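Numbering (our numbering), first residue to last: 1 to 95. In what follows, a single structure is set out as structure tokens and then discussed.
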């Protein structure tokens with residue numbers, strides 16, 4: 001039982017380390033209208049409008065922003081999954 005507790009404690013330490021890595025990992029997604037910067041823990045750090053607002057419709061800009069944010073979130077999820085896969089589940093717990 002103590003061995004399992006020790007394994008869980010070690011796993012928690014590894015997960016905390018991964019969380020810290022994801023907090024500082026900066027990813028970006030962009031298209032011709034907008035650029036979104038997001039951390040690996042999915043905190044949006046910046047939004048840049050790359051176009052002249054007088055030349056683009058509000059609807060087009062809103063659609064580009066939504067699409068770019070969603071793409072950035074998917075990239076951060078992939079990065080988090082890659083880092084978490086290194087843990088390989090909980091040893092001895094059937095996970």
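By construction, the Cβ of each residue, glycine as well, lies at the ideal position given by its N, Cα and C atoms. For clarity, every value in this text was computed on a predicted model and none was experimentally measured.
Secondary structure remark: continuous beta strand (DSSP E) runs of at least 3 residues inside the stretch 14–46, in chain order: 26–30, 34–39.
Contact between residue 40 and residue 66 is absent: CB atoms are separated by about 21 Å, not below the 8 Å threshold. Burial check for residue 68: the Cβ neighbour count within 10 Å reaches 16 or more, so the residue is buried.
For the options 23, 43, 25, 48, the alpha carbon positioned closest to that of residue 35 is the one of 48.
If the five residues before and after residue 56 are omitted, its C-beta is found closer than 7 Å to the C-beta atoms of 33, all from its own chain and listed in chain order.
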